[in-house]
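Here is the structure we will look at, set down as structure tokens.
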DNA sequence: GCCCATAGTGTCAAAAAGGATACCGTCTTT
DNA sequence: AAAGACGGTATCCTTTTTGACACTATGGGC
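Chains as they are written, first to last, in the working numbering: chain C, 233 to 347; chain R, 233 to 347.
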């Protein structure tokens, strides 16, 4: 999803909104960013916290977030392997949005309960 | 996308974030909500403002937003037909999020330019 | 008579996203 | 000796999303 998304460079006002949302859509990206807000988290820990995500999907989403410069990946050369993910400076600027999503979601849980 | 999304009712903290984002993902929903912020807009006007969206997609997205209670649809019985879309009360509570997306998008345009 | 605008719907096909499963090598625990 | 934790990859398949295109009905302007 991170590829052919922003074809229009003739940016109408709505384009900025489209561009921003395209970085955090995907079923897991916003959730990942949320879990990284309090500091670095390891791969499997992230996996456990995110519920039903598969290994493959988590890897995909993390790679895309990294390619977009929103998170950073640090490999600790040791056995067993250790890899930490953390927000980049740019990623941290998304915090207000993620927080707003969380707040809104909590306040509107009734919307989801009825399905 | 509005259907089988929230399978986990054992809501972990990240679940609220996932739920909220699921309502505004899709390539056009956030953009539509953005365009509705200043008041009701007619179907074709919305289409023109949203760039490359097709008729079918716009209809789909509007129907889903309506089903989720975020927008309202008013039909004026006349010829040629007139249909206006406006934010519902609940939809209006999303305004801070949409605005934040717009602001963030504007501030990070460099991210999109380089693709 | 022909084209345009209005607000859609229907069908088909392509592309993208997501899920299931198996596998890798190393070390620790049981 | 077997199993589990770690952080992934590779492959295949299904579901979901998106796009292209044609079609509807009515009225107005040329």
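Where is the CB? At the ideal position from N, CA and C, for every residue including glycine.
For the stretch 280-304 of chain C, enumerate the residues whose C-beta is nearer than 8 angstroms to any C-beta of chain R, in chain order.
Within the stretch 280-304 of chain C, the residues whose Cβ lies closer than 8 angstroms to some Cβ of chain R are 281, 282, 283, 284, 300, 301, listed in chain order.
If you draw a straight line from the alpha carbon of residue 327 of chain C to that of residue 300 of chain C, how long is it in whole angstroms?
When rounded, the distance between both Cα atoms is 16 angstroms.
Whole angstroms is fine: what's the gap from residue 295 of chain R's alpha carbon to residue 247 of chain R's?
Distance between the alpha carbons of residue 295 of chain R and residue 247 of chain R is about 24 angstroms.
With residue 194 of chain C and residue 316 of chain C assumed to form a contact (beta carbons below 8 angstroms), what rounded beta-carbon distance in angstroms separates them?
The requested residue 194 of chain C is not part of the displayed model; chain C covers only 233 to 347.
Considering residue 334 of chain R, what are the terminal residues of the alpha helix (DSSP H) in which it resides?
Its alpha helix (DSSP H) spans residues 327-339.
Can you name the start and end residues of the alpha helix (DSSP H) that residue 263 of chain R belongs to?
Unbroken alpha helix (DSSP H) run through residue 263 of chain R: 261-267.
Residue 358 of chain C CB to nearest chain R CB: under 8 angstroms?
Lying before the first or after the last residue shown, residue 358 of chain C is absent from chain C, which here runs from 233 to 347.
Starting from the Cα of residue 265 of chain R, find the closest Cα among R:336, R:343, R:339, R:322 and give me that residue.
Residue R:322 is the option with its Cα nearest to residue 265 of chain R.
Using a threshold of 8 angstroms, state whether the C-beta atoms of residue 305 of chain R and residue 268 of chain R are closer than that.
No, they are not a contact pair.
What does residue 337 of chain C touch in chain R if you count any residue whose Cβ is under 7 angstroms from its own?
The answer, in chain order, is 248, 249, 251, 252.
Taking all protein chains shown into account, decide if residue 329 of chain R is buried (16 or more other Cβ within 10 angstroms of its Cβ) or exposed.
Counting Cβ neighbours within 10 Å, residue 329 of chain R comes out buried, since at least 16 surround it.
Measure from the C-beta of residue 257 of chain C to each C-beta in chain R and report whether the shortest distance is under 8 angstroms.
So yes, residue 257 of chain C belongs to the interface.
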